Every structure is written in C-alpha cells, then in structure tokens.
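Position one of the sequence shown corresponds to residue 1 (the UniProt record's numbering), numbered consecutively onward.
Ideal placement from N, C-alpha and C gives every residue a C-beta, glycine not left out.
None of the values given here were measured: they were computed from a predicted structure.
As structure tokens, the structure follows; a few thoughts come after it.
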Amino acid sequence: MEILKWQKLATKYLVKEKWATLRVDTCKLQGGAVKDDYYVLEYPNWANAVALTKEGKIILVRQYRYAADIISLEIPGGVMDGDETAETAIKRELLEETGYSFDTCKLVATLYPNPATSNNKTFTFLLTGGVKTHEQQLDEHEILNVEEYTVEEVKQLLAENKIDQALHVAGLFYGLAAILHD
Numbered sequence: 001m002e003i004l005k006w007q008k009l010a011t012k013y014l015v016k017e018k019w020a021t022l023r024v025d026t027c028k029l030q031g032g033a034v035k036d037d038y039y040v041l042e043y044p045n046w047a048n049a050v051a052l053t054k055e056g057k058i059i060l061v062r063q064y065r066y067a068a069d070i071i072s073l074e075i076p077g078g079v080m081d082g083d084e085t086a087e088t089a090i091k092r093e094l095l096e097e098t099g100y101s102f103d104t105c106k107l108v109a110t111l112y113p114n115p116a117t118s119n120n121k122t123f124t125f126l127l128t129g130g131v132k133t134h135e136q137q138l139d140e141h142e143i144l145n146v147e148e149y150t151v152e153e154v155k156q157l158l159a160e161n162k163i164d165q166a167l168h169v170a171g172l173f174y175g176l177a178a179i180l181h182d
C-alpha cells in the first residue's frame with residue numbers, strides 16, 4: 001500500500017512561546033477520515049557536535065537538566081537562533097559553552113527528535129582540531145562543566161549507558177562512525 005501524507009485542514013495555536021509552541025491540527029487522513037485533535041509541538045531547530053580537540057579527545061559537557069531532574073553528560077549544542085545556519089549555530093554554541101574553536105566542521109546527521117509529535121530537526125556535526133581560544137560565555141541559567149574524553153572512554157560511557165540524552169547518543173554514534181571512516 002502506498003503511504004500518503006495527511007492533508008492539514010485547520011490549525012489552532014494553544015501556546016506560543018520562545019522555546020515551544022503547541023498547536024492542534026485538524027487533518028484528513030489517507031483513508032478519508034478526519035482527525036480533529038492532532039497535537040504538534042513546534043520547537044526551534046537544534047545543532048549539536050561531536051567535537052574533537054587537536055589531541056583527538058572528545059569534548060563533552062556536564063549540566064543539570066531540570067525537566068528530567070538529572071545531571072547529564074552530553075555533547076555540546078543548543079538552539080539555532082533566528083535565521084542562522086546550523087553550521088553557524090554549532091560554532092557559536094561551541095565557543096559559548098566550551099571556549100573552543102575548530103579547524104573543520106562537517107555535518108554528519110540530520111535527525112527528527114520525535115516526528116510523531118514535534119516538527120523540529122537536530123543537525124549533528126563532527127568538528128576537529130579544537131583548541132581553547134576563549135573563556136566560556138554561558139547564558140544566565142547555564143552552569144556546565146567541560147570535560148574531555150578519549151574515543152575509547154566515550155565508547156565505554158555509551159556501553160555503560162552513562163549518556164542519558166537520546167539525541168546526543170545518536171549524535172555520538174554518527175560522529176564515531178564518521179571518525180572511523182575518515
């Protein structure tokens with residue numbers, strides 16, 4: 001059976017905020033039925049990075065995540081601002097969060113965090129040749145530690161389920177695959 005896209009008949013916005021928007025759509029499904037309460041979360045797009053120092057270590061950041069109430073070990077990244085490109089966003093985020101600048105920047109994956117309920121994308125990059133060039137420039141609510149790990153240590157962290165954020169786990173797998181193929 002051929003799978004067809006649904007037809008959007010109407011949209012009503014319930015919440016419109018800087019970080020998240022909630023809308024409810026009325027849709028005509030492939031078989032002709034009408035679904036009048038399909039909820040969609042609209043988020044800005046995100047960029048994250050598997051970032052390697054000149055010495056070949058992977059930069060991770062550790063920070064508190066309120067919604068999950070955990071201290072989380074993650075790859076650096078964040079929200080894309082306005083019309084900036086994903087590459088510009090990740091370079092900015094890395095400089096702000098870690099103080100590192102990089103020689104190379106390569107897109108290794110474009111993922112949808114949850115295409116059933118949200119419409120945003122996450123762009124994952126592999127950056128190499130990182131050197132500390134600046135001090136961190138964190139947002140007022142950010143407190144994060146920058147940590148460096150060898151590739152083998154990151155593999156062990158993944159094997160032991162020590163990295164909690166699913167998109168960052170996926171990003172690490174794409175980044176590690178790119179490292180192995182270069």
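Rounded distance between the beta-carbons of residue j and residue i, thought under 8 Å
i, j, result
"V61", "L144", "5 Å"
"T133", "G99", "7 Å"
"L167", "P113", "6 Å"
"L4", "A20", "That pair is no contact at about 29 Å."
"Y174", "T124", "5 Å"
"Y39", "T117", "7 Å"
Bridge partners - residue i, DSSP secondary structure assignment
i, result
"E84", "Answer by DSSP bridge pairing: none, since E84 is not bridged."
"E42", "T21"
"V15", "L22"
"L127", "A51 and C105"
Simplified DSSP assignment, three categories, for residue i
i, result
"E142", "coil"
"Y66", "coil"
"Y97", "A quick correction: the sequence has Glu, not Tyr, at residue 97. Here E97 sits in helix by DSSP."
"E135", "coil"
"K155", "helix"
"residue 224", "Nothing in the structure corresponds to residue 224, since the chain is present only between 1 and 182."
"A51", "strand"
"Y9", "It is Leu, not Tyr, that sits at residue 9 in the sequence shown. L9: strand per DSSP, three-state reduction."
"Y149", "strand"
"G56", "coil"
"L4", "coil"
"A109", "strand"
"K91", "helix"
"F102", "coil"
"I75", "coil"
Same chain only: Cβ atoms within 8 Å of residue i, ignoring 5 sequence neighbours per side
i, result
"L73", "L60, V61, R62, E147, L157, K162, I163 and D164"
"residue 185", "Because the chain here runs from 1 to 182, residue 185 falls outside it and cannot be looked at."
Minimum Cβ-Cβ distance from residue i to chain D less than 9 Å
i, result
"A170", "Any reference to chain D falls outside this structure, which holds one protein chain only."
Proximity below 9 Å, CB of residue i to CB of residue j
i, j, result
"residue 185", "N45", "An answer regarding residue 185 cannot be provided, because it is not within the stretch 1 to 182 covered by the chain."
"G77", "I58", "no"
"G129", "L176", "no"
"L138", "E96", "yes"
Chain-order list of residues whose beta-carbon lies under 6 Å from that of residue i (same chain, five-residue window excluded)
i, result
"V34", "K28"
"I71", "Y64"
"N48", "I75, G77, T124 and G171"
"A10", "T26"
"W6", "C27 and L29"
Own chain residues within Cβ distance below 7 Å of residue i, not counting five before or after
i, result
"D69", "none"
"K8", "D25 and C27"
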